[in-house]
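S.K.: Got a structure for you, written out below as structure tokens; questions coming shortly.
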Amino acid sequence: MTLAPADVAPQEPSAAARSGRGRGGLASYAGRRLLSGVGTMFFVLVFNFFLFRLLPGDPIALYTRGRNMDRDQLRELRRNLNQPIGTQFIDYLRNPFSSGVDSTQFSRPVWDVIGDYVWPTVVLLSTATVLSAVIGIAIGIRGGWKRGSTFDRTSTGITLTLYAMPEFWLGMVLLILFSTGIGPFPGIFPSGGTITPGLDPWSLKGILDQLWHLALPAATLTLAYLAEYALVMRSSLVDETRQDYLVTARAKGLMDKLVRRRHAVPNALLPTITLVFLNIGFVVSGAITVETVFSWPGLGLLSYEAIRGPDVPLLQAIFLLFSLAVVVANIVADVVVAAVDPRVRT
Amino acid sequence: MTLLQLDDVSVTYRTADGPVPAVRGVSLDLEAGSTLGVAGESGSGKSTVAATVLRLNPASSTVTGRVLLDGEDVLKMSFGQLRAVRWAEASIVFQGALHSLNPLQKIGRQVAEPVLLHGQADTRRGAEAMARELLGQVGLPPRLASSYPHQLSGGQKQRVMIAMALACGPRLIIADEPTTALDVMVQAQVLDLLTGLVRDLGVGLVVISHDLSVLGTTCDRLAVMYAGRVVEEGPSADVLARARHPYTRALSAAYPTIGDPAARFSPRGLPGDPPWPGDLPAGCPFHPRCPEAVDVCRTEDVRLRLAAPGHQAACVHVAAEVAT
Amino acid sequence: MSARAVRRARRRAALGRFWASFRRERAGLVGLAVLAVFVLLALTAPLLFSPDQLKVTEATGDVLAPPTAGFPLGTDESGRSVLALVVWGTRVSLLVGVAATVISMAIGTFVGISSGHYRGVPGSVLERLTDWFLVIPFLPLAIALATVLGSSLLNVIVVIGVTSWPGTARLVRAQTLSVEARPYLERARVLGGGHWHQMSRHVLPNVMPLVLANTTLTVAIAILSETTLSFLGLGDPFRVSWGSMLDSAFSTGAISAGAWWYLLPPGLCVVAVVLAFTLVGRAMENVLDPRER
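Chains as they are written, first to last, in the working numbering: chain A, 174 to 519; chain B, 162 to 485; chain C, 905 to 1197.
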């Protein structure tokens, strides 16, 4: 008993047209997103420029506060800052990354300095982000699926507490427990740096040594970040358990585990994925304080030193770098969601 | 043998405010190749009855009684047996226009899922081919299999739900509100499809709806539920034309007969609302709204009584008692 | 009864209902109790410990000494009582947290309602602005601002308030859009209600409950931010706060000296207060939007 296709045709939306454009849809969406991202990046550039120039106070004093600069540097600086703001802005736009400017602390080009400190930060942050996302999401899934269970209540309590902790304090506590060692706690981890001086970083011993140094700072950031992922994943899965299509799945005879894995989790992951990328802003903040605590020679520690100066050219460059990283992360977040969720693409 | 037999089934939900009896002692029969309609307003328990047939009630509920599917009690089956029975023996057509389909998966994959699960096909390819065939059987172009749910209209999604329900060749299909949220034209098409299935495949069909007109045209027998109980049950023509329970009379009177001058002037509708299942009145649950209530209705609840051959009603005004 | 009296009576009844539901949230009540304790500590700090105990020159204890009867939480690197410092630190943390949140909520609510209410160019400009500001990572911006403005209590409050309004604005905007879709707003417009009237009389009261729930969470984040800024040396150098204590602990080598009594109390206080605000905020959300039952 089939219905004549004629009965069907009048109600059909252009499903044919849309389903054919699946792949193209994603690429064009990514393109559109990139374009609007460029607008945001421009805003960041402009903001970065004006931030350090339009705020109250004598700009010279700002640049030289607490530092003794030699006559030539001062003269050069004064000449630059005395130009009309419009000219300064054009100059800035031509060279927004101020590649030639020297850091006042290191007396080397700013981007040279940054280049030296980038890698340790990348290693630390990527390790922490991956670990915290994987563990946090797993905890959130288990807690959200069996809402009200002992696991759920315990894990929610623990994650809420972790969420309330300043990450640098957590780092200090871990240091005092596992590096200095008090009472029954063993002080077996190093107190700072990436590697014991003198070791070849590429030798087996060197690699193990570096992992040993990475352990505590990575643990600190992982614990600090996984809390938010666990909480969001849990609440998004709880929302998902109310959806009707899960009843359909169960009615078909699927095991509980499969209902969760195949249907509930993919849908619930969407807001969490977005959050992982959007969190880059907070990841960055965490890096600054935690690197300071562990003397981890990355961009975070560099920022801390730059504040102490204050080394304004360096701060400006770091600020720009972090902001751009967040813009890129946002774009990636949107594209990843579009790749997973077909509703966004149309 | 009777295809489906519900025997004194009761479902109670555990809530923060205490136990709520959604279904209280419901007994229903269905033979293969026939249609049973279950009518009632929201809160009457009709959707809960549907869920109970496949034991899909939430974990916080207690179910008593027997649900016999081809003679076997669903409520006593092990999980393994239950999962095998689900969909292969009996399937449910949910309201597709809402969110009964996974928004992230293509239609074809979702229809193919039970096919693979219950071994109707051995490979993914084979299952998806079967899915396309099923879509054709319900009047949808097979290429819709590579679309996502949000790309389909309400009527199309409802048909997908029907195709999905047919996937494993079940002997019983329960359609829960299959026409709600659909245009009248589409409603008619969906109903034709369902009755066609009964005719051609000999499946048993249970249609649940608040819309009496829908049930009147498609079902052989009709059961009316109120406050978790069946208050009237019999051949649908009889129940509609010669209703013996005041509630049924009020329900069918609520649908005007176009062209009948008398219908334009007769009073319609009932005052008040159906009772909240957790807060039922004493005696007959319908008595606060009943135009024919008498004193005894306030204190004594009434069970189903035989009003005519094959036609029962739970009203004190119906003379004979049902011999149990 | 006059229209105003009717409104007030209705509001009071709503408040009563809210409190009745809130009372059932155990976690929220615990949070509220903890907050009450800390507020009490903040208010009575001068009575419990004289301000002299904060002066480095008046310190009487040994340097970095573990807890004893006289100094229940030990001493810091100048010999001051850690307990006194922690209790006095409560004032700064709570003050900055609340004050910064007030600023942030004021800006955020105003921008949020406006961007949701005004269609066309003004609305979308505000929306864009909010999204752009959301992109800028908090700490680098706060550091930049604090460096330029200088370190003082007022500046810390301003910096935190100015950097956290976008989150609120986004939430308020979403709420405004959903409220504006309701039919009675259209009725108000047809009856001649101007923009200001619509926004203040209709949108604001409906948006406020969820905004208030969000406020407690914003305070929690503001306190964490203050702690972080003080730790980095950007807080008020003349006031003791939990963050500045951690900064001192760190830079004077409390960690390698094993001086846990200096390290744990300020951090635990931050955790307690932030957790308390978070629990209260979550309880409020549950009451106002009871889906998570």
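Every residue gets a Cβ at the ideal spot worked out from N, C-alpha and C, and that includes glycine.
Does the beta-carbon of Ala247 (chain B) have 16 or more other beta-carbons within 10 angstroms, so that it is buried, or is it exposed?
M.R.: One-based indexing of the second sequence puts residue 247 (chain B) at position 86. For the sequence presented, residue 247 (chain B) should be read as Arg rather than Ala. Buried.
S.K.: So which of B:Val172, B:Phe447 and B:Thr378 has the shortest CA-CA distance to Arg464 (chain B)?
M.R.: The sequence position of residue 464 (chain B) within the second sequence is 303, counting from 1. For Arg464 (chain B), the nearest C-alpha among the options comes from B:Phe447.
S.K.: Taking CB distances under 8 Å as the criterion, tell me whether Glu274 (chain B) reaches chain A.
M.R.: Position 113 of the second sequence holds residue 274 (chain B). Yes - at least one Cβ of chain A is within 8 Å of the one on Glu274 (chain B).
S.K.: Can you name the residues of chain C whose CB is closer than 7 Å to the CB of Trp318 (chain A)?
M.R.: The residue labelled residue 318 (chain A) in the question sits at position 145 within the first sequence. Within 7 Å Cβ-Cβ: nothing; Trp318 (chain A) doesn't reach chain C, min ~15 Å.
S.K.: In whole angstroms, what separates the C-alpha of Val941 (chain C) from that of Pro1141 (chain C)?
M.R.: Mapped onto the third sequence, residue 941 (chain C) falls at position 37. Mapped onto the third sequence, residue 1141 (chain C) falls at position 237. So the alpha carbons of these two residues sit roughly 26 Å apart.
S.K.: At least one CB of chain B closer than 8 Å to the CB of Tyr336 (chain A): is that the case?
M.R.: Residue 336 (chain A) sits at position 163 when you count from the first residue of the first sequence. Output row for Tyr336 (chain A): interface = no.
S.K.: Are the beta-carbon atoms of Asp980 (chain C) and Ser1152 (chain C) separated by less than 8 Å?
M.R.: For the purposes of this step, residue 980 (chain C) is taken as residue 76 along the third sequence, with counting starting at 1. For the purposes of this step, residue 1152 (chain C) is taken as residue 248 along the third sequence, with counting starting at 1. Cβ atoms of Asp980 (chain C) and Ser1152 (chain C): closer than 8 Å.
S.K.: Over the uninterrupted alpha helix (DSSP H) stretch that includes Pro439 (chain A), give me the two end residues.
M.R.: For this step, residue 439 (chain A) is matched to residue 266 along the first sequence. Residues Val438 to Leu451.
S.K.: Count the other C-beta atoms from every protein chain shown that fall within 10 angstroms of the C-beta of Met428 (chain A), then say buried if there are 16 or more, exposed otherwise.
M.R.: Start at 1 with the first residue of the first sequence, and residue 428 (chain A) comes out as number 255. So Met428 (chain A) ends up on the exposed side.
S.K.: Secondary structure at Met406 (chain A), three-state DSSP: helix, strand or coil?
M.R.: Within the first sequence, residue 406 (chain A) is the residue found at index 233, counting from 1. In the structure shown, Met406 (chain A) sits in a helix (DSSP, three-state: H, G or I).
S.K.: Given Val405 (chain A), which residues of its chain have a CB within under 8 Å of its CB, disregarding the five upstream and five downstream residues?
M.R.: Sequence index remark: in the first sequence, residue 405 (chain A) carries index 232 (1-based). Closer than 8 Å at the Cβ level, and outside the excluded window around Val405 (chain A), lie Gly313, Pro444, Thr445 and Leu448.
S.K.: Can you name the residues that DSSP bridges to Ser985 (chain C)?
M.R.: The sequence position of residue 985 (chain C) within the third sequence is 81, counting from 1. According to DSSP, which records beta bridges pairwise, Ser985 (chain C) is partnered with C:Thr979.
S.K.: Let me check understanding here. Comparing Cα to Cα, which of B:Pro442, B:Arg286, B:Leu366 and B:Ile335 lies closest to Tyr387 (chain B)?
M.R.: Along the second sequence, read from residue 1 onward, the residue named residue 387 (chain B) stands at position 226. Among B:Pro442, B:Arg286, B:Leu366 and B:Ile335, the Cα nearest to that of Tyr387 (chain B) is on B:Pro442.
S.K.: For a test of the three-state rule: what should DSSP assign to Arg185 (chain B), helix, strand or coil?
M.R.: Along the second sequence, one-based indexing puts residue 185 (chain B) at 24. Strand at Arg185 (chain B).
S.K.: Less than 8 Å between the beta carbons of Ala1046 (chain C) and Ser1129 (chain C), yes or no?
M.R.: Counting from one through the third sequence, the residue named residue 1046 (chain C) turns up at place 142. Counting from one through the third sequence, the residue named residue 1129 (chain C) turns up at place 225. Closer than 8 Å, so yes.
S.K.: Give the interface partners of Ala424 (chain A) over in chain B, defined as CB-CB distance under 8 Å, in chain order.
M.R.: Residue 424 (chain A) sits at position 251 when you count from the first residue of the first sequence. Those are Leu215, Leu217, Arg247, Trp248, Ser252, Ile253 and Phe255, listed as they occur along chain B.
S.K.: Measuring CB to CB, does Val456 (chain A) end up less than 8 Å from Tyr398 (chain A)?
M.R.: Sequence index remark: in the first sequence, residue 456 (chain A) carries index 283 (1-based). Sequence index remark: in the first sequence, residue 398 (chain A) carries index 225 (1-based). Yes; because the gap between Cβ atoms is below 8 Å, this pair is in contact.
S.K.: Once you ignore the five residues that flank Arg995 (chain C) on each side, which residues in its own chain have a CB closer than 7 Å to its CB?
M.R.: Here residue 995 (chain C) corresponds to residue number 91 of the third sequence, with the count starting at 1. These residues qualify, in order along the chain: Ala946 and Ala949.
S.K.: With distances taken Cα to Cα, identify the nearest neighbour of Ile1064 (chain C) among C:Val934, C:Leu1138 and C:Trp1164.
M.R.: As a first step, residue 1064 (chain C) is located in the third sequence; it is residue number 160 there, counting from the start. Out of C:Val934, C:Leu1138 and C:Trp1164, C:Leu1138 has the C-alpha closest to the C-alpha of Ile1064 (chain C).
S.K.: Tell me which residues share the same chain as Ala1176 (chain C) and place their Cβ nearer than 7 Å to its Cβ, disregarding the 5 neighbours each side in the sequence.
M.R.: Here residue 1176 (chain C) corresponds to residue number 272 of the third sequence, with the count starting at 1. Counting only Cβ-Cβ distances below 7 Å, and skipping sequence neighbours, we find Val938.
S.K.: Would Pro442 (chain B) count as contacting chain A if we go by Cβ distances under 8 Å?
M.R.: Locating residue 442 (chain B) in the second sequence gives position 281, counting from the first residue. Not an interface residue.
S.K.: Around the Cβ of Leu208 (chain A), are there at least 16 other Cβ atoms within 10 angstroms (buried) or fewer (exposed)?
M.R.: Position 35 of the first sequence, counted from the start, is the residue given in the question as residue 208 (chain A). Classification for Leu208 (chain A): exposed.
S.K.: Provide the residue span of the beta strand (DSSP E) that contains Ala384 (chain B), from first to last.
M.R.: Position 223 of the second sequence, counted from the first residue, corresponds to residue 384 (chain B). First-last of the beta strand (DSSP E) with Ala384 (chain B): Arg382 to Tyr387.
S.K.: Taking the alpha-carbon of Leu510 (chain A) as reference, which of A:Pro439, A:Glu401 and A:Gly360 has the nearest alpha-carbon?
M.R.: If you number the first sequence from 1, residue 510 (chain A) lands on position 337. In the sequence under discussion, the amino acid at residue 510 (chain A) is Val, which differs from the Leu named in the question. Cα-wise, what sits closest to Val510 (chain A) is A:Pro439.
S.K.: Among the residues of its own chain, which have a CB less than 8 Å from the CB of Lys267 (chain B), if the five just before and after it don't count?
M.R.: The residue labelled residue 267 (chain B) in the question sits at position 106 within the second sequence. Cβ neighbours of Lys267 (chain B) beyond the five flanking positions: Ala306, Ser307, Ser308 and Tyr309.
S.K.: Answer with yes or no whether the minimum CB distance from Ile491 (chain A) to chain C is below 8 Å.
M.R.: Position 318 of the first sequence, counting from 1, holds the residue named residue 491 (chain A). Output row for Ile491 (chain A): interface = yes.
S.K.: Beta-carbon separation of Phe520 (chain A) and Pro1041 (chain C) under 8 Å?
M.R.: Not covered by the structure: residue 520 (chain A). The range shown for chain A is 174 to 519.
S.K.: Kindly indicate which three-state DSSP category Ser1019 (chain C) falls into: helix, strand or coil?
M.R.: On the third sequence, position 115 is the one that residue 1019 (chain C) refers to. Helix at Ser1019 (chain C).
S.K.: Taking a Cβ distance cut-off of 7 Å, strictly less, list which residues of the segment 429-441 of chain A are near chain C, in chain order.
M.R.: Listed in sequence order: no entries.
S.K.: Excluding the 5 residues preceding and the 5 following Val1184 (chain C) in the sequence, name in chain order all residues of the same chain whose CB lies nearer than 6 Å to its CB.
M.R.: Residue 1184 (chain C) sits at position 280 when you count from the first residue of the third sequence. Cβ within range, chain order: Gly932, Gly935, Leu936 and Thr1120.
S.K.: Do Val392 (chain B) and Val385 (chain B) count as a contact pair if the criterion is CB distance below 8 Å?
M.R.: Residue mapping note: residue 385 (chain B) aligns to position 224 of the second sequence, counting from 1. Residue mapping note: residue 392 (chain B) aligns to position 231 of the second sequence, counting from 1. In contact: Val385 (chain B) and Val392 (chain B) (Cβ atoms closer than 8 Å).
S.K.: Applying the 10 Å Cβ sphere with the 16-neighbour rule, what's the burial state of Pro452 (chain B)?
M.R.: Taking the second sequence and counting its residues from 1, one reaches residue 452 (chain B) at position 291. Exposed is the call here.
S.K.: For the segment 1015-1034 of chain C against the segment 970-985 of chain C, are there 3 or more C-beta pairs whose distance is under 8 Å?
M.R.: These segments do not touch.
S.K.: Counting only runs that start and end within the segment 1030-1095 of chain C, where is the alpha helix (DSSP H) found for 4 or more residues in a row?
M.R.: Whole alpha helix (DSSP H) segments, 4+ residues: 1042-1053, 1057-1084 and 1087-1094.
S.K.: Can you name the residues of chain A whose CB is closer than 7 Å to the CB of Leu1128 (chain C)?
M.R.: The residue you call residue 1128 (chain C) lines up with position 224 of the third sequence. The answer, in chain order, is Pro339.
S.K.: Apart from the five residues on each side of it in sequence, which residues of its chain come closer than 8 Å, Cβ to Cβ, to Pro374 (chain A)?
M.R.: To locate residue 374 (chain A), count along the first sequence from 1; it is residue 201. Closer than 8 Å at the Cβ level, and outside the excluded window around Pro374 (chain A), lie Ile368, Ile380 and Gln383.
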